[in-house]
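First to last, the sequence lines map onto chains A and B. Quick note: the first sequence uses the numbering used here, first residue 1, plus one each step. Quick note: the second sequence uses the numbering used here, first residue 424, plus one each step. Report on the structure given below.
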Amino acid sequence: MKRFASVLALLALVAATAVWATGGEEKDKVAAVKLTLLNSNTEKPERAEFFTRLAEKYHELHPNVTIEVTGTSFTDVNTNILTAINAGTPYDVFTSTSPIWINKGVVLNLAPYLEADGGAWKKELYDSIIQGLTQPDGSVYAMSLWMDTTPLLYHKEIFQKLNLKVPTNTAEFFAACDALKGAGFIPFQVHGSMSDDLLNVFTWQFAAKYNVKAYDVVQGKVPMTDPWFVDSLKFYKDMNDRGYLPPNFWAMGGTEGRTGYATSKMAMRFGFYWDVDTQKDMGMPYDNQGVAAFPNITGTAGLKVYKTLSLQGVMVSKATKSPEHAVGFVRFMTNKDNQDDMAYKYFGRYPNGMPTVNKAVKLSPYALSYIGDIASGVATPYYVGDVSLKFGDLWMQQLPQLMQGKATAEQVAAEFEKLRTGK
Amino acid sequence: MGSKLAQKGAAPLGILFVLPAVALIVFCGAIPIVNGIRYSLTSWDGVAPPRFIGLANYEEALLHDPVHRKALLNTLVLSVSCVALQLVLGYAAANLLFQLRGFMSEAGKVVLFMPYILSFAAVGVLFSFVFGTSDLGLLNKVIALFGARPFPWLGSEYTAMPAVIFTYAWKDFGFAMILYYAGLQSIPSSLLEAGEIDGANAGQLTRWIKLPMLRSVTQTVAVLAVIHYMLTFTIIYFLTPNGGPNRATEVAATWFYKQSFQFMEFGYGAALAVIMAVLVLALTLGLRRAIRSVPS
Numbered sequence: 001m002k003r004f005a006s007v008l009a010l011l012a013l014v015a016a017t018a019v020w021a022t023g024g025e026e027k028d029k030v031a032a033v034k035l036t037l038l039n040s041n042t043e044k045p046e047r048a049e050f051f052t053r054l055a056e057k058y059h060e061l062h063p064n065v066t067i068e069v070t071g072t073s074f075t076d077v078n079t080n081i082l083t084a085i086n087a088g089t090p091y092d093v094f095t096s097t098s099p100i101w102i103n104k105g106v107v108l109n110l111a112p113y114l115e116a117d118g119g120a121w122k123k124e125l126y127d128s129i130i131q132g133l134t135q136p137d138g139s140v141y142a143m144s145l146w147m148d149t150t151p152l153l154y155h156k157e158i159f160q161k162l163n164l165k166v167p168t169n170t171a172e173f174f175a176a177c178d179a180l181k182g183a184g185f186i187p188f189q190v191h192g193s194m195s196d197d198l199l200n201v202f203t204w205q206f207a208a209k210y211n212v213k214a215y216d217v218v219q220g221k222v223p224m225t226d227p228w229f230v231d232s233l234k235f236y237k238d239m240n241d242r243g244y245l246p247p248n249f250w251a252m253g254g255t256e257g258r259t260g261y262a263t264s265k266m267a268m269r270f271g272f273y274w275d276v277d278t279q280k281d282m283g284m285p286y287d288n289q290g291v292a293a294f295p296n297i298t299g300t301a302g303l304k305v306y307k308t309l310s311l312q313g314v315m316v317s318k319a320t321k322s323p324e325h326a327v328g329f330v331r332f333m334t335n336k337d338n339q340d341d342m343a344y345k346y347f348g349r350y351p352n353g354m355p356t357v358n359k360a361v362k363l364s365p366y367a368l369s370y371i372g373d374i375a376s377g378v379a380t381p382y383y384v385g386d387v388s389l390k391f392g393d394l395w396m397q398q399l400p401q402l403m404q405g406k407a408t409a410e411q412v413a414a415e416f417e418k419l420r421t422g423k
Numbered sequence: 424m425g426s427k428l429a430q431k432g433a434a435p436l437g438i439l440f441v442l443p444a445v446a447l448i449v450f451c452g453a454i455p456i457v458n459g460i461r462y463s464l465t466s467w468d469g470v471a472p473p474r475f476i477g478l479a480n481y482e483e484a485l486l487h488d489p490v491h492r493k494a495l496l497n498t499l500v501l502s503v504s505c506v507a508l509q510l511v512l513g514y515a516a517a518n519l520l521f522q523l524r525g526f527m528s529e530a531g532k533v534v535l536f537m538p539y540i541l542s543f544a545a546v547g548v549l550f551s552f553v554f555g556t557s558d559l560g561l562l563n564k565v566i567a568l569f570g571a572r573p574f575p576w577l578g579s580e581y582t583a584m585p586a587v588i589f590t591y592a593w594k595d596f597g598f599a600m601i602l603y604y605a606g607l608q609s610i611p612s613s614l615l616e617a618g619e620i621d622g623a624n625a626g627q628l629t630r631w632i633k634l635p636m637l638r639s640v641t642q643t644v645a646v647l648a649v650i651h652y653m654l655t656f657t658i659i660y661f662l663t664p665n666g667g668p669n670r671a672t673e674v675a676a677t678w679f680y681k682q683s684f685q686f687m688e689f690g691y692g693a694a695l696a697v698i699m700a701v702l703v704l705a706l707t708l709g710l711r712r713a714i715r716s717v718p719s
């Protein structure tokens, strides 16, 4: 009987242990989090690997969080996102260039997370970045991966040879262009067959002059027939008519534009991209490349250095089952160290802006010269209004018309107004 | 025999064999077509549930969308030009090689057919370098030898479409050439010899013997080419991804792509696709009838 009782007790103990163990397993299962990341930065293997490493690093810091990374291309990313949403398995975190996901209401608002803990996350970012990311209603839907700047780049040797001063206003700017043109150089390199041109080149200078807000423009709230836009078109056309731009630049793509920069006799570059790899490949050492503030072409306080947020934003799906971890991962991706790596080592761009720069990263003199300026100034919003997509499409149609004299600035503006109003 | 097989239970077995093919056609053909038509009657952004709007998408596409009208016109211009070029160049090359015979003929066939087996994307990239808009483009380099300034071949609304047509013609005429060459070989030599004895010159032999005998080849090439060019996308998208200046090279397929995958207007995109399908069907049937009615 005693033996029987002992066996029973032993069995009960085993059963209790099993139940406890199973319960613990359940507990672990609940704590375990699996996130999915769709990364469209796969054009270079090291960039794709970088995002995979970020996921692994985050897992090391948070062992209960596993991040499954799926790579895709720029061209396929939106189809992938859409397919995942319709399959009922949306990616928790994804990178995309398109504002369309915000408009569709599938993206999580990051603003409360930025403000949490006394705004701890917000304090890690430059004010201009926050300004660029914040929607008019205070929401923040995407985190910029890096930042581009558009200063005035000029060819030091040519400027020295021709004894030219770096222009600071319209008169000096045109005088320098005339001198360069007279000496057989093409004063400015600019390409035209990308929709970025509308929002980047001269338009924002005139928008600043007339106190027009970038958000209002991309959300279609500002008449396109107003002077801020018409004047900028006229200025652009004037630049072309004076022969300051490469012949037929409106048909020139970004790569062709950059290659042309190296192979043609380009004196200045009013460009959009600062790409370390390309510059090196093109044999344009930084030593020959001067950097100056953006000339004040409108005659009023304009933009000193033009900055744009990365074309891609990293977004969190509203349907994620683990918003805290998904947002935590986005914050980790864009923290100081990772930003420095992403920006300088992998993409050749600027970080979102941190209070201090990672001194361990060796920066080019060009980058160093602008670190200070990044903290202030204007950043362009990218993630608002799907109207901006259609504006870009129309711009590429209208730019040749304007430059070839087949349409006036007013007519081009009227086409945009038709698109804005839908009439 | 059929009834015998049926008696032996072969009919159910036959149905069983046919079933996979029927299932494939239903799943890959019929269901997508029906779904496409269904979505074309809705406003659908791909995320929210589709909202039924009747024929509004068709009304917009056919009556109020100037870009779609221009895209349809461009598609027609591209198709007619390319089909004509493919037929003319294909026949001319085949005829030349047929007369050459021997090594030259074989080598010529290989060389002229080679562009046809290149991928569309590769040809698009290749010709974007040929028509490069700065002084880096091959064509601009050639004209520079004669003192001409670089010209935006793909950036001018007058030259963008001809450049695209040239690219397609270069790539595709080899296909027509091979079919015409095979057709020429099948013409009985006695017919051609009889014609020569009767004093027919080369033009008369072509007009009265070769072309009538090659009518089925012409019909096949023309029908396949019309379908191909009406729905073409890749090369034109590589050469002028933005639709060319002032929509000079915007075609039905690129506009459908933009609406669906760039602007995410899937309902409208589906309506554009249905319109295209109807047009291609009508054109194909019309073309077959037209070729059939040509007197021998």
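Beta carbons: idealized from backbone N, C-alpha and C, even for Gly.
- Within chain B, the residues V470 have their CB atoms less than 7 Å from the CB of A/I85, given in chain order.
- Where A/A292 is concerned, the enclosing beta strand (DSSP E) starts and stops at Q289 to A292.
- Rounded to whole angstroms, A/L61 and B/F450 show a C-alpha spacing of 47 Å.
- The segment 136-214 of chain A contains, as complete beta strand (DSSP E) runs of 3+ residues, the segments 147-150, 152-155 and 186-189 (chain order).
- For A/N248, there is no enclosing beta strand (DSSP E), as DSSP gives it neither H nor E.
- Under the Cβ criterion of 9 Å, A/N240 is not counted among the residues facing chain B.
- In this structure A/S232 touches A/F206 by the C-beta definition: roughly 4 Å separates them, less than 8 Å.
- By a beta-carbon distance limit of 8 Å, B/S463 contacts B/A694. Their separation comes to about 4 Å.
- Taking all protein chains shown into account, A/H155 has 16 or more neighbouring C-beta atoms within 10 Å of its C-beta and is therefore buried.
- Distance from the Cα of B/K681 is smallest, within the candidate group A/Y113, A/L394, A/T168 and A/P63, for A/L394.
- Sequence-distant Cβ neighbours of B/S683 in its own chain, meaning closer than 7 Å and more than five residues away, are F689 and G692.
- For B/E529, the enclosing alpha helix (DSSP H) stretches over residues G525 to I540.
- Any Cβ of chain A closer than 9 Å to the Cβ of B/S542 would place that residue at the interface, and such an atom is absent.
- Only buried fits A/D92, as 16 or more other CB atoms lie within 10 angstroms of its CB.
- Within 10 angstroms of the beta-carbon of B/V534 lie fewer than 16 other beta-carbons, which makes it exposed.
- Short of 6 Å from the beta carbon of A/I158, and not among the five residues preceding or following it, lie these beta carbons of its own chain, in chain order: A267.
- Sequence-distant Cβ neighbours of A/T170 in its own chain, meaning closer than 6 Å and more than five residues away, are I297.
- Taking all protein chains in view, the Cβ of A/R269 is crowded by 16 or more other Cβ atoms within 10 Å, so the residue is classified as buried.
- Assigned with DSSP and collapsed to three states, B/T465 falls in strand.
- Taking all protein chains in view, the Cβ of A/Q411 is surrounded by fewer than 16 other Cβ atoms within 10 Å, so the residue is classified as exposed.
- Proximity of the segment 539-555 of chain B to the segment 222-241 of chain A falls short of the contact definition, fewer than three beta-carbon pairs being nearer than 8 Å.
- Residue A/R331 holds the alpha-carbon nearest to the alpha-carbon of A/V314 among A/E324, A/R331, A/T320 and A/S322.
- In terms of beta-carbon proximity, B/F684 lines the interface with chain A, with at least one pair separated by less than 9 Å.
- Taking B/A517 as the centre and dropping the five residues before and after it, the same chain places the C-beta of M600, Y603, Y604 and L607 closer than 7 Å to its C-beta, in chain order.
- Residues Y603 of the same chain have their beta carbon placed closer than 6 Å to that of B/Y514, with the five preceding and five following residues left out of the count.
- Within its own chain, the residues whose Cβ lies closer than 6 Å to the Cβ of A/L133, once the five positions on either side in sequence are excluded, are V140, listed in chain order.
- In the structure shown, B/L637 falls within a coil segment according to DSSP collapsed to helix, strand and coil.
- What B/G666 touches in chain A, judged by beta-carbon distance under 8 Å, is D393, M396 and Q397, going in chain order.
- Under the Cβ criterion (8 Å, minimum of three pairs), the segment 399-410 of chain A counts as touching the segment 659-679 of chain B.
- Here the C-alpha atom of A/I186 lies approximately 46 Å from the C-alpha atom of B/M699.
- Of all residues in the segment 572-595 of chain B, only R572, P573, F574, P575, W576, L577, G578, S579, E580 and A583 come within less than 9 Å of chain A when Cβ atoms are compared, listed by chain position.
- Contact between B/M584 and B/L501 holds: CB atoms are separated by about 7 Å, below the 8 Å threshold.
- Per DSSP, the continuous alpha helix (DSSP H) segment holding A/V77 begins and ends at V77 to N86.
- Our two residues, B/L615 and B/Q522, have alpha carbons roughly 13 Å apart in a direct line.
- Between A/F173 and A/F202, the gap from beta carbon to beta carbon reaches 9 Å or more.
- DSSP lists no beta-bridge partner residue for B/I456.
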